[in-house]
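*Asks:*
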Amino acid sequence: MEVVDLRLGQGLDALLVGVSATGQRAAGVRRLALRLETLSSQLQRLSKERSKEQPAREELHLLIQSLRRGQDGLISGIEDQLKRLSRKIDLLSIQHHPNQSATQPAEEDTGPREECTAPEEPEYPACAEKVEFLRARWQSDPCYAFYGVDGSTCSILTYLSRVEDFCPRQPGRKHSALPWHQKPRSHTEKAEVRTTLSPLYEALGKSRGPAVRFIRSRVERMSRRWMQAAQGMRRSGNKTFSPHMKVLLYPGVLAGRAGQQFGTMVERGGPLGELVQWADLSACLTVLGHNLTFSTSQQHLHSLIGSAPGRGGCPIQRPLDFDLIYTDYHGLVHLHGAMGLAFQHYQCRFRILDSFGTEPAFNVESYASSHGYNTLWGSWGLRPAQYMTMFPHTPDNSFLGFVGEEVTEEELRPVEKENLALVYGKQDYMWKGKADYIEAVSAEVETHATVYQTPGGAASLPGSVINHGLLNQQDFLKLLQRAKVFVGLGFPFEGPAPLEAIALGCIFLQPGFQPPRSSDNSDFYKGKPTTRKISSQNPYAEDFIGKPYVWTVDMTNLTAVRQAVRAILHTKVKPFVPREFTCDGMLERLHAYITHQDFCSASLPTWPPEGALKVLLGPLGQSCVSACRRSSLVCEPALFQHLNSPAAFTRMELGCSNTKQEVNHLFPAYSPWGRQCGLQGAPLLFSCAGADPNLRRLCPCRAHLNGQVALCSGCL
């Protein structure tokens, strides 16, 4: 008996795999496969009580084998066999349970006795398949029983018509909206700028752990600056009001066991960049007048969004109560596992904090799979602008940023700069292989570190380095304020600390990379949904700030390193923060996003306005990111829609011998060989990133405000 069970399971698994690979006939064969799985489940229940079903089991096994040998032309031929086999199983069930209806499952089903069949209506093409799916698997998730499914066809049809929308309303049932569908959003109330952070402290008070303590301490330390920015925003008389939003902040990386591990790393010198961004985002939203809920618990998340009890196979119980949900990739997985069918319905409200960016080619699952862009993190099919980055390195995404942490005169007494270097790297592993580089720096200037040490232990650092151990943020800032040079080790990549050092009057010395680091040669970037190639530890500091604040050197050229340190010691700089990394700049940027970005509308985007468009034809083999930057502009993916037509090529005086529309993240583009013009067939794939040596890309560029790359003069 166990051998037959195993063969049936293996046969069904192989059949379902084979079915999923077929393009045509897929729906019909899938339905048959699920029906077979249902019959198998019934047989397994009967097998606990009888042994007479063996011939029927063998018959089912042979039928599965015939399906595996070839699917062409089998559908109509096996329908009768399925009906005959189903009748035989029902007869066996009746013989064993003479008082039970043949339409009911043998044990668990206690549902209605009425006859129900899945309707064949063109408006509901997936109904019959979903019925078969649930007949086989309704016990796989307790949420189905919570919604009244008991295994009977009638209960399944009721569920699929009243909770999901795969089947039509049953006769006599009153038509009403699905219980979890969104209600019309009126947004009559306008958000008003706050000059207190008390609502945020109240929201954070319900969460625990070292990571949340760091977030709160940062907000408190910077509260005066946030209040000054809030008062300035009120005085500016900005007449563009954003609607009052109910916002959920859910850093998934801090939830559950993974969150505990992350919190432990925070206390040992682990990465703080994500926490810096969460702290500044929460403060920014509070100042802008929105209603915040902060959570780091999956269980709390389930209650907040109204998840049904179970494993997330069913939709939520009520309309989503939040206008916006800010989360990360970990949180996106948690939401997907808790919302069922409602996830896609509400995904336009999600905003994903994604430090390193997600390019469109990685974002669309079918395209990523067929073009070699599959990664662990991509393929969610969101609008690319829903991903929010730490630096403005990926214009396909929205630049959220953070605030450079200045120390004002009111907070600390001004301190004279000393000939002192502080090394950027709080854990031992970051220093490995860098001894010669550090010795070259130490030969010119007294060198300090803040590397975590285990209790009673010591960090493995060069003897010339003075290690203070891991400092709290306030003491770290005091030490940084004394230092004249902040020394990068090449890792961590693209963190916030270099900008905070520059904000305190330090000069940042960083390693350049040759060849540039990318997923091709860096384990850190491998698997991340981006093709970016970074030429230094912090490309933003190199490209957007530069000398005298940022010096990029070849770490292996020790003579050049020593010369750079000497030059830095003779260079005086004042504290500097780019506007986009100030409280004012972040408030301005996030206010614009909340006011103008609408990813729930089916209409084409109207922001930024078409008047901001400056069309460029990029050189062969160059991305639109590079083509726009060469003209001191930025690529704006929301404006691609104005270039995706034959008329755009005509305006550029490009005579197209042939114009084709294709799903290709490099289109619209022009190939001079044969004068081929290509149009984009999938708007989700409009992408500033990506290049091909045979294509000249048609690029939507725009100017930007001084010190605010994300916005243009017409964007406000």
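For the sequence shown, our numbering assigns the number 645 to the initial residue and increments by one for each residue that follows.
Just so it is clear, CB atoms sit at the ideal spot from N, CA and C, and this is done for glycine as well.
Nothing here was measured: the structure is a model prediction, and the numbers come from that model.
May I have the straight-line CA-CA distance separating Glu1144 from Phe966, to the nearest angstrom?
*Replies:* For the purposes of this step, residue 1144 is taken as the residue at position 500 of the sequence shown. For the purposes of this step, residue 966 is taken as the residue at position 322 of the sequence shown. Taking the straight line joining both Cα atoms gives about 33 Å.
*Asks:* Could you say if the segment 917-933 and the segment 850-863 meet the contact criterion of at least three C-beta pairs nearer than 8 Å?
*Replies:* Counting Cβ pairs under 8 Å, three or more are found: they touch.
*Asks:* Pick out whichever of Glu1297, Pro1316, Thr1226 has its Cα sitting closest to the Cα of Pro1263.
*Replies:* Here the question's residue 1263 lines up with position 619 in the sequence shown. The residue with the shortest Cα to Cα distance from Pro1263 is Pro1316.
*Asks:* Would you call Phe1043 buried or exposed, if buried means 16 or more other Cβ atoms sit within 10 Å of its Cβ?
*Replies:* Looking up residue 1043 in the sequence shown gives position 399. By the neighbour-count rule (16 or more Cβ atoms within 10 Å), Phe1043 is buried.
*Asks:* Measure the alpha-carbon distance for Val1131 versus Leu1298 and round it to whole angstroms.
*Replies:* Working through the sequence shown from its first residue, we reach residue 1131 at position 487. Working through the sequence shown from its first residue, we reach residue 1298 at position 654. Distance between the alpha carbons of Val1131 and Leu1298: 50 Å.
*Asks:* Could you have a look at Phe1137 and say whether DSSP puts it in helix, strand or coil?
*Replies:* As a working mapping, residue 1137 is identified with position 493 in the sequence shown. In the structure shown, Phe1137 sits in coil (DSSP, three-state: anything other than H, G, I, E or B).
*Asks:* Can you tell me the Cα-Cα spacing of Gly1190 and Asp1228, whole angstroms?
*Replies:* For the purposes of this step, residue 1190 is identified with residue 546 of the sequence shown, where counting begins at 1. For the purposes of this step, residue 1228 is identified with residue 584 of the sequence shown, where counting begins at 1. Straight-line Cα distance between these residues: approximately 22 Å.
*Asks:* For His1092 and Val1085, I'd like the C-alpha separation in whole angstroms.
*Replies:* Looking up residue 1092 in the sequence shown gives position 448. Looking up residue 1085 in the sequence shown gives position 441. Roughly 11 Å separates the two Cα atoms.
*Asks:* By a C-beta neighbour count over all protein chains shown, 10 Å radius and 16 as the cutoff for buried, is Leu976 buried or exposed?
*Replies:* As a first step, residue 976 is located in the sequence shown; it is residue number 332 there, counting from the start. Buried, by the Cβ-count rule.
*Asks:* Going along the chain, which residues of its own chain have a beta-carbon closer than 7 Å to the beta-carbon of Gln1071, five neighbours each way excluded?
*Replies:* Counted from its first residue, the sequence shown places residue 1071 at position 427. Around Gln1071: Gly913, Val1095, Tyr1096.
*Asks:* With distances taken from CA atoms, which of Glu1224, His1037, Gln1305, Pro1192 is nearest Pro1290?
*Replies:* Within the sequence shown, residue 1290 is the residue found at index 646, counting from 1. The residue with the shortest Cα to Cα distance from Pro1290 is Gln1305.
*Asks:* Should the segment 884-904 be called in touch with the segment 1201-1217, which here means at least 3 C-beta pairs below 8 Å?
*Replies:* no
*Asks:* Which residue comes first and which comes last in the beta strand (DSSP E) that contains Glu1083?
*Replies:* Position 439 of the sequence shown, counted from the start, is the residue given in the question as residue 1083. Looking at the DSSP string, Glu1083 is not in any beta strand (DSSP E); the run it does join, the alpha helix (DSSP H), is 1079-1086.
*Asks:* Please tell me whether Cys771 and Ala780 are closer than 8 Å, where the distance is taken between their beta carbons.
*Replies:* For the purposes of this step, residue 771 is identified with residue 127 of the sequence shown, where counting begins at 1. For the purposes of this step, residue 780 is identified with residue 136 of the sequence shown, where counting begins at 1. No, they are not a contact pair.
*Asks:* Does the beta-carbon distance from Glu1232 to Gln1352 come in below 8 Å?
*Replies:* As a first step, residue 1232 must be located in the sequence shown, where it is residue number 588. As a first step, residue 1352 must be located in the sequence shown, where it is residue number 708. The Cβ atoms of Glu1232 and Gln1352 lie closer than 8 Å to each other.
*Asks:* Report the option in Leu929, Glu764, Lys1061 whose CA atom is closest to the CA atom of Leu1124.
*Replies:* The residue labelled residue 1124 in the question sits at position 480 within the sequence shown. Answer by Cα proximity: Lys1061.
*Asks:* Here's the rule: buried if 16 or more other CB atoms are within 10 angstroms of the residue's CB, otherwise exposed. What is Glu773?
*Replies:* Position 129 of the sequence shown, counted from the start, is the residue given in the question as residue 773. Looking at its Cβ environment, which holds 16 or more other Cβ atoms inside 10 Å, Glu773 is buried.
*Asks:* Measure the alpha-carbon distance for Lys1078 versus Asn1018 and round it to whole angstroms.
*Replies:* Translated into the one-based positions of the sequence shown, residue 1078 becomes position 434. Translated into the one-based positions of the sequence shown, residue 1018 becomes position 374. Counting only the Cα atoms, Asn1018 lies some 34 Å from Lys1078.
*Asks:* Let me make sure I understand the geometry here. Which of Thr1174, Cys787, Gly1322 has the alpha-carbon closest to that of Ser951?
*Replies:* Sequence index remark: in the sequence shown, residue 951 carries index 307 (1-based). Among Thr1174, Cys787, Gly1322, the Cα nearest to that of Ser951 is on Cys787.
*Asks:* Would you tell me roughly how many angstroms separate the C-alpha atoms of Glu1009 and Pro1028, rounded to the nearest one?
*Replies:* By one-based count along the sequence shown, residue 1009 stands at place 365. By one-based count along the sequence shown, residue 1028 stands at place 384. Computed Cα separation, rounded: 13 Å.
*Asks:* Strictly under 8 Å for the Cβ-Cβ distance: is Asn1350 near chain C by that measure?
*Replies:* Given the protein chain composition of this structure (a single chain), no chain C is represented.
*Asks:* Using alpha carbons as the reference points, say which of Val775, Glu836, Gly795, Ser842 lies closest to Gln783.
*Replies:* As a first step, residue 783 must be located in the sequence shown, where it is residue number 139. Checking every option, the nearest Cα to that of Gln783 belongs to Gly795.
*Asks:* Would you tell me roughly how many angstroms separate the C-alpha atoms of Gln1117 and Ile1082, rounded to the nearest one?
*Replies:* The count along the sequence shown starts at 1 and reaches residue 1117 at position 473. The count along the sequence shown starts at 1 and reaches residue 1082 at position 438. Between Gln1117 and Ile1082, the C-alpha separation is close to 24 Å.
*Asks:* When you compare only the Cα positions, how much space is there between Ala1282 and Asn1007?
*Replies:* The residue you call residue 1282 lines up with position 638 of the sequence shown. The residue you call residue 1007 lines up with position 363 of the sequence shown. Rounded to the nearest angstrom, the two C-alpha atoms are 16 Å apart.
*Asks:* Run through the segment 777-814 for me and flag every whole alpha helix (DSSP H) of 4 or more residues, listed as ranges in chain order.
*Replies:* 786-790, 797-806
*Asks:* Can you tell me whether Pro1140 is buried or exposed? The criterion is at least 16 other CB atoms within 10 Å of its CB, across all chains shown.
*Replies:* Taking the sequence shown and counting its residues from 1, the one referred to as residue 1140 is at position 496. It counts as buried.
*Asks:* Can you tell me whether Glu1090 is helix, strand or coil according to DSSP?
*Replies:* The residue you call residue 1090 lines up with position 446 of the sequence shown. Residue state, collapsed to three classes: strand.
*Asks:* I want to know whether the segment 1274-1288 touches the segment 1028-1041 - three or more CB-CB distances under 8 Å.
*Replies:* yes
*Asks:* What residue does the alpha helix (DSSP H) around Pro854 start on, and which one ends it?
*Replies:* Looking up residue 854 in the sequence shown gives position 210. Pro854 -> alpha helix (DSSP H) spans 854-865.
*Asks:* Could you tell me the alpha carbon to alpha carbon distance between Phe1135 and Lys1076, rounded to whole angstroms?
*Replies:* Residue numbering aside, residue 1135 sits at position 491 when the sequence shown is read from its first letter. Residue numbering aside, residue 1076 sits at position 432 when the sequence shown is read from its first letter. One Cα belongs to Phe1135, the other to Lys1076, and the distance between them is close to 11 Å.
*Asks:* Distance check for Thr832 and Phe633, CA to CA, integer angstroms please.
*Replies:* There is simply no residue 633 to check, as the chain begins at 645 and stops at 1360 in what is shown.
*Asks:* Determine, using beta carbons only, whether Leu591 and Tyr1314 come nearer to each other than 8 Å.
*Replies:* Summary: the structure shown does not reach residue 591, with the chain confined to residues 645 through 1360, and so no result is reported for it.
*Asks:* Can you tell me where the beta strand (DSSP E) holding Thr971 begins and where it ends?
*Replies:* For the purposes of this step, residue 971 is identified with residue 327 of the sequence shown, where counting begins at 1. Counting along the chain, the beta strand (DSSP E) containing Thr971 begins and ends at 968-971.
*Asks:* Ordered along the chain, which non-local residues of its own chain (more than five positions away) have a Cβ less than 8 Å from that of Cys1244?
*Replies:* Locating residue 1244 in the sequence shown gives position 600, counting from the first residue. So the qualifying residues of the chain are Cys992, Arg993.
*Asks:* Can the beta-carbon of His1184 be found less than 8 Å from the beta-carbon of His1037?
*Replies:* Locating residue 1184 in the sequence shown gives position 540, counting from the first residue. Locating residue 1037 in the sequence shown gives position 393, counting from the first residue. Position check: residue 1184 holds Tyr in this sequence, whereas His was assumed. Yes, Cβ-Cβ distance for Tyr1184 and His1037 is below 8 Å.
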